[in-house]
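Structure first, then comments.
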Amino acid sequence: MRKLKVLTIFGTRPEAIKMAPLVQELKRNEFFHCEVAVTAQHRQMLDQVLSLFDVVPDYDLDIMTDRQTLFDITARALTGLKDVLEKSRPDVVLVHGDTTTTFIGALAAFYMHIKVGHVEAGLRTFNKWLPFPEEMNRKLTGSLADLHFSPTDTSRENLLREGVNPDSIFVTGNTVIDALKTTVKKDFIFSTDILNRIDYKKKKVVLVTAHRRENLGEPLKDICRGLLDMVEKNPEVVIVYPVHLNPAVRDVAYSILGGHDRIILLPPLDTDEMHNIMARCYMVMTDSGGLQEEAPSLGKPVLVLRNETERPEAVRAGTVKVVGTDRHRICEEATKLITNKDEYDRMANAVNPYGDGFASKRIAQSLMYFFGMTLQKPEEFVSI
Ligand code: UD1
Ligand code: UDP
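67 is the number that this note's numbering gives to position 65 of the sequence shown; each next residue is one higher, with no gaps.
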């Protein structure tokens, strides 16, 4: 039996978290020969995920440099991937989402006439600059892709409006929910011991992350000042903020928030630690994409520290609110959720618009269908 050779290409923490369940699924399935190439656009934060999910790359370009520019990542990944593709010669390349590794992985495959499958396809803000450069990365990747794995019906609709062939789109749910289902445990003990010592009943733990390129500089400073105001105003609040390794983020976060007795700044958490602190926290404040998908499924309200979101499903469901980066608005909106029980209860509903834990299986089935290995069309994910 000839197996379908799939090369997955990824490079950053969120791609790795969302591709790991798919890699595991393809490796378990006898119809596939799955290889993994990492650009290592992230190094330590990627390695944390690879080790948690037992994924061993077949190719590792190790491109990360300190304070890298988009030009650095683009040039180094593209050149490196040429050799990888020449060696691997896959039937199809799979990329994920919207990072520069994603776009360059798709571009490199296109240059070699290799088919491209785009996982988490069709998310849009319709604003070229927000998030930057991710909105363009995912649009360009979508233009290069032969197969589109849309997490939701909304993302499929976005692609249809752009004229994408409906037969090439499969609605699968988001693989991040597959990952989440394996990590969250009721009796989880944190290896970051300070998280075991928090009294989650007495304190209101606000989980924070922020790293977006368009927020670097003044917007990030404003976010941090808003968080500080919020902690000062609400004595029952404890902030847990695992800080991104980007020095442009670390410098600001530690200088404004460091040293406060109710603000716990941490290095990036392993993903199982992150998912379990999310499951125990009171609410989430973030500019991350992934957290906007994870927190609603755990019933945690999310305030989004951005001006636009490409994930409107949970906003519609009422568990996510986009509040921007203004210092006063951040403090005000957070305080409302901390002090007003009705407001909190309205947002704290467990909803799963993004997946049911079977996205990787659907992607594997869709690949088999697309490549003529089965006549059975995969069932699509329908959000409840
Ligand atoms: C990148 C992605 C963004 C994604 C984010 C997830 C692009 C253009 N941006 O963000 O879409 O949401 O990753 O976190 O693809 N660093 C380390 N160790 C690490 C990771 C980063 O030291 O493991 C430091 C390095 O100094 C590096 C810097 O952080 O130069 C920025 O990393 P980079 O991948 O360029 O981050 P972003 O573009 O902000
Ligand atoms: N995450 C993690 N450790 C952390 C912070 C985040 O494992 O210290 C996880 C988080 O649960 C989510 C993903 O990383 O699954 C989000 O990645 P990131 O915020 O880097 O990127 P984005 O989602 O914005 O692309």
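We put the beta carbon where it would ideally sit given N, CA and C, even for glycine.
For residue i, tell me which candidate among the options has the shortest Cα-Cα distance.
i, options, result
"Pro173", "Ile106, Val25, Asp358 and Gly82", "Reading off the sequence, residue 173 comes out as Val, not Pro. Taking only the C-alpha atoms, the option nearest Val173 is Asp358."
"Leu80", "Asp100, Ile19, Pro59 and Phe112", "Phe112"
"Thr288", "Lys302, Val166 and Glu275", "Lys302"
"Leu209", "Pro270, Asp189 and Asp100", "Pro270"
"Lys7", "Ala250, Ile225 and Leu87", "Leu87"
"Ile258", "Leu230, Lys235, Ile241 and Glu159", "Leu230"
"Pro225", "Pro237, Ser299, Leu52 and Ala212", "Note that residue 225 is Ile in the sequence shown, not Pro. Checked all of Pro237, Ser299, Leu52 and Ala212; the closest Cα to Ile225 is Ala212."
"Ser90", "Thr76, Asp60 and Ile65", "Asp60"
"Asp148", "Ala336, Ala22 and Lys117", "Lys117"
"Phe151", "Ala336, His98 and Gly107", "His98"
"Leu300", "Lys183, Gln46 and Leu132", "Lys183"
"Thr154", "Ile171, Met138, Ser145 and Leu142", "Ile171"
"Met114", "Val94, Lys130, Thr127 and Glu122", "Val94"
"Asp274", "Ala316, Leu197 and Glu234", "Leu197"
"Leu146", "Asp100, Asp62 and Val178", "Asp100"
"Met285", "Pro314, Glu312 and Met349", "Met349"
"Leu339", "Phe373, Leu9, Leu369 and Val304", "Val304"
"Val306", "Asn278, Val207 and Gly326", "Gly326"
"Ala297", "Lys323, Pro221, Arg140 and Asn309", "Lys323"
"Pro179", "Asp195, Pro380, Phe372 and Tyr356", "One point to set straight first is that residue 179 is Ile, not Pro, in the sequence displayed. Checked all of Asp195, Pro380, Phe372 and Tyr356; the closest Cα to Ile179 is Tyr356."
Using the three-state DSSP reduction, which class does residue i fall into: helix, strand or coil?
i, result
"Met375", "coil"
"Met287", "strand"
"Phe34", "strand"
"Ala181", "helix"
"Ile106", "helix"
"Thr341", "helix"
"Lys20", "helix"
"Glu202", "The residue asked about is misnamed: residue 202 is Tyr in this sequence, not Glu. Tyr202: coil per DSSP, three-state reduction."
"Lys188", "coil"
"Thr81", "helix"
"Lys323", "strand"
"Tyr113", "helix"
"Tyr356", "coil"
"Pro244", "strand"
"Glu49", "Looking at the sequence provided, one finds Asp at residue 49 rather than Glu. Asp49: helix per DSSP, three-state reduction."
"Asp68", "coil"
"Phe55", "coil"
"Gly219", "coil"
"Ser193", "coil"
Which partner residues does residue i have in the DSSP bridge list?
i, result
"His98", "Val121"
"Asp328", "Asp328 is not bridged to any residue."
"Leu9", "Glu37 and Val95"
"Leu209", "Val242 and Val286"
"Tyr346", "BP columns for Tyr346 are empty, so no partner."
"Asp62", "Val40"
Take the Cβ of residue i as the centre, count every other Cβ of all protein chains shown within 10 Å, and call the residue buried at 16 or more, exposed below.
i, result
"Met3", "exposed"
"Glu164", "exposed"
"Pro237", "exposed"
"His330", "exposed"
"Gly228", "buried"
"Asn167", "exposed"
"Phe128", "exposed"
"Phe55", "buried"
"Gln43", "buried"
For the ligand GDP, is there a heavy atom less than 8 Å away from the beta-carbon of residue i?
i, result
"Gly292", "This structure simply doesn't include the ligand GDP; it includes the ligand UD1 and the ligand UDP instead."
Closest Cβ-Cβ distance between residue i and chain B: below 9 Å?
i, result
"Glu382", "Looking for chain B here will not work: only one protein chain is present."
Please give the ranges of any beta strand (DSSP E) in the segment 125 to 152, keeping only runs that are unbroken, at least 3 residues long and fully inside the region.
149 to 152
Give the list of continuous beta strand (DSSP E) stretches no shorter than 3 residues that lie fully inside the segment 254 to 315.
265 to 268, 285 to 288 and 304 to 306
What are the start and end residues of each continuous alpha helix (DSSP H) run of 4 or more residues lying completely inside the segment 151 to 175, in chain order?
155 to 163
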